[in-house]
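Going line by line, the protein sequences match chains A and B. So the mapping is simple: my numbering equals the position in the first sequence, first residue as 1, plus 1. So the mapping is simple: my numbering equals the position in the second sequence, first residue as 1, plus 458. Here a beta-carbon is modelled for each residue, glycine too, at the ideal position from N, C-alpha and C.
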Amino acid sequence: MNNNWLIKKKEGLYCIPGDFYIDPIYPVNSALITHSHTDHARPGNKKILGTSDTINIMELRYGNNYCQYSQKIECGKLLKIRGVNIKFIPAGHILGSSQIYLEYKGEIVVVSGDYKRRKDITCDSFEVSKCHTFITEATFGLPIFSHPNDIHETSKLIKSISENSDYCHLIGVYALGKCQRFITLLRKLGFDDVIYLHGALMKISNYYIDRKIDLGELRNISELKTSDYSNKLVLCPPSSLSDRWSQRFRKVIKGFVSGWMGIKQRIKQKNIQLPIVISDHADWNEILTTIEEISPEKVLVTHGREEGLLSYLKQKKVTCNALNLIGFEDEDD
Amino acid sequence: MIKFSKLLDDLLLNSSKKKKIKILKDYFNSLETNEKELALSILSKNFSTKLIKANDIKIMIKRKISEDLFSYSYDYVGDLAETFSLLWPKSKEKKTISFFCFMKSIEKYNNKESLINFLEKTFDNISSNEIYAIIKILTGGLRVGVSEGILKECLVEQGVRNKFEIEEYWHAFSPFFKNFFCWLNGEALPNDINEKELFHSFMLSDTFDENLITKLNIKDYVCEFKWDGIRAQIVVSNFGKIYSRNGEDITNSFPELNITSNKVSVIDGELVVKKNGKILSFNDLQKRIGRKKVNSRILDEYPVHFLAYDILFMHDSDCRNLNLSSRKKKLESLLKILNVSNISFSPLINFNSWNDLKNLRNKSLNNHIEGIMLKKKNSLYVKGRPKGCWYKWKRNPFFIDFIIMYAQRGHGKRSSFYSDFTFGCWTDNSFKNLVPVGKAYSGFTNEELKDLDRWVRSNTLERFGPVRSVKSSLVVEIAFDNINFSTRHKSGVALRFPRFSRIRWDKPPNEVCVLNDIKKLIN
Chain A
2 MNNNWLIKKK EGLYCIPGDF YIDPIYPVNS ALITHSHTDH ARPGNKKILG
52 TSDTINIMEL RYGNNYCQYS QKIECGKLLK IRGVNIKFIP AGHILGSSQI
102 YLEYKGEIVV VSGDYKRRKD ITCDSFEVSK CHTFITEATF GLPIFSHPND
152 IHETSKLIKS ISENSDYCHL IGVYALGKCQ RFITLLRKLG FDDVIYLHGA
202 LMKISNYYID RKIDLGELRN ISELKTSDYS NKLVLCPPSS LSDRWSQRFR
252 KVIKGFVSGW MGIKQRIKQK NIQLPIVISD HADWNEILTT IEEISPEKVL
302 VTHGREEGLL SYLKQKKVTC NALNLIGFED EDD
Chain B
459 MIKFSKLLDD LLLNSSKKKK IKILKDYFNS LETNEKELAL SILSKNFSTK
509 LIKANDIKIM IKRKISEDLF SYSYDYVGDL AETFSLLWPK SKEKKTISFF
559 CFMKSIEKYN NKESLINFLE KTFDNISSNE IYAIIKILTG GLRVGVSEGI
609 LKECLVEQGV RNKFEIEEYW HAFSPFFKNF FCWLNGEALP NDINEKELFH
659 SFMLSDTFDE NLITKLNIKD YVCEFKWDGI RAQIVVSNFG KIYSRNGEDI
709 TNSFPELNIT SNKVSVIDGE LVVKKNGKIL SFNDLQKRIG RKKVNSRILD
759 EYPVHFLAYD ILFMHDSDCR NLNLSSRKKK LESLLKILNV SNISFSPLIN
809 FNSWNDLKNL RNKSLNNHIE GIMLKKKNSL YVKGRPKGCW YKWKRNPFFI
859 DFIIMYAQRG HGKRSSFYSD FTFGCWTDNS FKNLVPVGKA YSGFTNEELK
909 DLDRWVRSNT LERFGPVRSV KSSLVVEIAF DNINFSTRHK SGVALRFPRF
959 SRIRWDKPPN EVCVLNDIKK LIN
């Protein structure tokens with residue numbers, strides 16, 4: 002980095018003049034949190050700063066010990082910490098997710114967190130913000146990833162339900178964000194039936210409902226008897242698709258909603274009959290478009306498939322580097 | 459190509475054999491006859507174009523995308539056809555190409571450049587799934603879990619031919635399956651096929667049950683050893699062929715047994731490895747199975763031998779309607795005429811009473827004999843498993859107590875249950891260190907499986923992905939058919955077909971034997 006005020010430490014990305022970390026992987030004194038997925042928002046920090054949805058969801062997930070002090074910040078509002086100007090900007094990833102804008106002595110850095118460019122009615126859309134250095138994620142940073150239209154992907158499930166009415170459809174979705182976005186897509190396509198949720202998905206979905214996001218009628222799967230599973234739609238966390246819990250579903254079609262489902266070899270590994278390719282991350286072209294729209298002087302690549310993206314950017318004569326932050330997981334892995 | 463690429467997707471998404479057969483049936487039903495022949499040739503891995511290799515495919519894509527991006531992508535996906543189809547620039551026009559037209563077009567090209575040119579033009583207009591299907595076809599090896607067995611089963615209900623007929627005539631039609639579907643629907647065989655040269659379904663045996671001792675007349679039967687090898691059929695003809703139990707052509711794996719002659723003879727027997735006059739164990743035979751080419755080192759190290767025990771054709775004449783005793787005589791005389799050192803007559807064993815047989819069976823503790831066979835003297839050679847003709851009487855298995863060391867999650871119905879167990883025994887009398895001896899995943903009931911799963915979960919020491927190491931405290935009695943020295947296993951021994959016999963929930967682990975005691979079992 003030509004700026005020497007934002008550095009990498011073992012806890013994560015650290016801002017020296019502001020004395021805070023961004024999405025640290027170990028507990029620290031002071032942390033800015035981009036969004037509430039567990040690999041970015043970890044419990045045990047002393048002070049945290051984030052959007053109100055990020056902080057509410059952290060509290061919901063981790064209970065009282067999620068931190069000692071929390072401060073909520075509105076998107077777009079400027080805040081000054083020890084000479085560093087800070088702004089949270091929507092990232093379009095999940096409810097409350099944001100990029101973090103930092104300005105110190107006239108130099109601007111934007112940390113993308115995780116982001117996507119597709120429309121998602123459960124959260125505010127990604128905003129392009131000019132900067133000198135853009136730190137981007139690269140979860141889908143290879144040209145093999147080109148996410149198809151999400152409405153078309155959602156309609157695959159609706160078609161399968163109408164064609165296999167004696168089966169139960171058990172669909173793996175990430176508990177925070179993907180689950181609720183997928184439900185809104187189903188509702189948009191006119192799917193009005195009750196959707197049954199694995200217990201682990203109830204809490205967050207209820208939070209989305211409290212935030213006035215219409216998810217239609219949802220019920221906990223524990224309300225259903227084993228004999229009543231046929232012709233029902235059940236959503237569960239991805240890990241539950243193959244654990245003992247899922248053995249109760251005898252006549253079942255298993256699906257998985259994930260950006261990885263565009264790769265046949267992945268589908269085979271997961272033993273899935275209904276792959277649904279919907280992601281909350283930017284695909285290859287969207288990452289490139291985003292970098293082009295921001296046109297920063299420098300691009301830093303944090304997590305995902307950074308080698309491919311760096312090789313491409315270097316070929317295009319964009320100044321870039323790997324940041325090699327550890328601790329961030331691939332979506333749904 | 460849309461139907462074919464959908465077929466590949468459907469096969470990928472459905473791992474159960476039953477569903478695969480249904481998908482294949484629906485697919486074949488949707489095709490015209492001339493398309494069916496092509497599809498069958500591709501699905502049975504008989505189709506290949508020698509013009510294009512994997513490397514040519516890589517060169518094509520590297521003209522569209524940088525070497526780096528290609529190799530990072532290929533590393534990630536792990537499958538060339540899929541990487542290629544995902545990286546090829548997406549077409550704006552949604553054209554499609556018919557399976558039949560495509561296959562006919564590629565036949566026309568006889569040089570690589572013009573074929574590649576044609577492919578590039580085609581790829582620019584079609585969907586990535588179709589590109590995927592085409593690359594899979596061109597490079598062979600579909601890897602969608604369709605075996606010859608599944609194809610044959612799916613064809614049984616497509617016409618009027620039964621499983622045996624399809625197995626027997628398969629090789630008459632492969633690799634291109636010209637007129638196969640006409641024959642399947644009842645038309646006569648094409649004239650150029652010599653039926654005798656084909657694979658002939660085997661005669662199989664029933665398992666012997668001790669209750670039969672009072673029911674069978676011992677004088678009606680002859681006795682042979684049951685060799686621990688693989689069943690095979692040698693067809694002596696102009697070409698010479700060797701077939702496995704289910705009609706697979708295994709000639710390439712065992713070239714030294716291929717005999718040619720202008721008169722057709724077909725013999726049935728067991729394939730074993732025999733070196734310096736000694737028959738070696740099944741472990742050694744495994745080094746010869748499934749090879750497409752055999753090099754001279756392997757031929758020297760693991761020479762195969764055929765123990766012949768029956769004859770189906772001798773010098774163009776059908777022997778299957780002769781009784782066993784006459785067939786044995788024919789077989790002996792044929793072997794004399796052939797006069798090859800690596801095919802010999804599987805000897806008959808003398809006996810006078812059931813007691814003799816019981817002793818024989820239990821004493822056949824040799825590492826290449828599984829037990830004995832009883833065959834009715836007046837039985838004809840009938841394909842399938844005719845009742846009361848041939849009996850296999852395996853010797854009793856060994857039973858030894860071992861300690862569970864690792865457990866792995868199972869597949870299919872058992873996924874999420876810890877159902878595959880590695881067991882071991884003590885290295886020495888200090889009862890401190892265990893060494894793994896084998897793996898077993900059967901022999902327990904569903905109820906016992908649930909108990910075992912619960913035990914594994916509450917006695918886990920470490921987790922390595924799907925595998926857990928567990929406390930050295932659970933003793934199980936393992937049954938196995940044979941034991942041999944092995945250099946492949948850390949313990950130095952290999953068990954044949956180990957399975958659970960009993961779970962000894964109450965037995966203390968230090969009462970389990972040590973490795974040396976187990977080695978003493980080998981002869």
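According to DSSP, is residue i helix, strand or coil?
i	result
HIS170(A)	strand
GLN274(A)	coil
ILE337(A)	This structure cannot speak to residue 337(A), because chain A is shown only from 2 to 334.
GLU728(B)	strand
ALA176(A)	coil
HIS763(B)	strand
LEU190(A)	coil
HIS304(A)	strand
SER959(B)	strand
GLY842(B)	strand
CYS847(B)	coil
PHE557(B)	helix
ARG212(A)	coil
PRO648(B)	coil
ALA983(B)	As shown, chain B starts at 459 and ends at 981. That puts residue 983(B) outside it, with no answer to give.
TYR534(B)	helix
Do residue i and residue j have their C-beta atoms within less than 9 Å of each other?
i	j	result
ILE769(B)	ILE725(B)	yes
VAL798(B)	TRP884(B)	no
SER98(A)	GLY114(A)	yes
ILE688(B)	ILE593(B)	no
VAL110(A)	TYR116(A)	no
LEU997(B)	TRP963(B)	A query on residue 997(B) cannot be resolved here, the shown segment of chain B reaching from 459 to 981 and no further.
TYR63(A)	LYS47(A)	no
LEU158(A)	THR123(A)	no
HIS339(A)	PRO297(A)	What is shown of chain A runs 2 to 334, which leaves residue 339(A) out entirely.
ILE980(B)	VAL951(B)	yes
ILE862(B)	PHE902(B)	no
Taking the straight line between their C-alpha atoms, what separation do you get for residue i and residue j?
i	j	result
PHE146(A)	GLU490(B)	36 Å
ILE523(B)	GLU551(B)	21 Å
ILE136(A)	ARG43(A)	20 Å
ASN800(B)	ASP678(B)	31 Å
ILE858(B)	LEU782(B)	39 Å
TYR15(A)	GLY305(A)	20 Å
GLN866(B)	ALA139(A)	34 Å
SER474(B)	ILE273(A)	12 Å
GLY896(B)	THR665(B)	26 Å
ASN165(A)	ASN232(A)	8 Å
SER585(B)	LYS562(B)	20 Å
LEU470(B)	VAL535(B)	15 Å
LYS699(B)	PHE771(B)	14 Å
ARG521(B)	ASP211(A)	53 Å
LEU596(B)	ASP707(B)	23 Å
Since residue i and residue j should fall inside the 8 Å C-beta cutoff, what is the C-beta to C-beta distance between them, to a whole number of angstroms?
i	j	result
SER711(B)	ARG749(B)	5 Å
CYS169(A)	PHE250(A)	5 Å
GLN760(B)	VAL731(B)	Note on residue identity: the sequence assigns Tyr, not Gln, to residue 760(B). About 5 Å; that satisfies the 8 Å criterion.
GLU626(B)	LEU656(B)	6 Å
HIS38(A)	LEU186(A)	About 20 Å separates the two Cβ atoms, so there is no contact after all.
PHE639(B)	LYS494(B)	5 Å
ILE196(A)	LEU219(A)	5 Å
Margin query: Any C-beta of chain B within less than 8 Å: which residues of the segment 292-314 of chain A qualify?
Written below: ARG306, GLU308, GLY309, SER312 and TYR313
Item checked: Residues within the segment 501-525 of chain B neighbouring chain A, beta-carbon criterion of under 8 Å -> ILE523 and SER524
Note to self: Give me the subset of the segment 253-284 of chain A whose CB atoms are less than 8 Å from a CB atom of chain B, sorted by chain position.
What the structure shows: GLY263, ILE264, LYS265, GLN266, ILE268, LYS269, ASN272, ILE273, GLN274, LEU275 and PRO276
Item checked: Positions along the segment 225-246 of chain A whose CB lies within less than 8 Å of some CB in chain B -> SER243, ASP244 and ARG245
Check: Listed in chain order, which residues of the segment 156-167 of chain A have Cβ atoms closer than 9 Å to some Cβ of chain B?
Finding: none
Next item on the list: Could you run through the segment 135-151 of chain A and flag, in chain order, every residue whose CB is less than 7 Å away from some CB of chain B?
Entry: LEU143, PRO144 and ILE145
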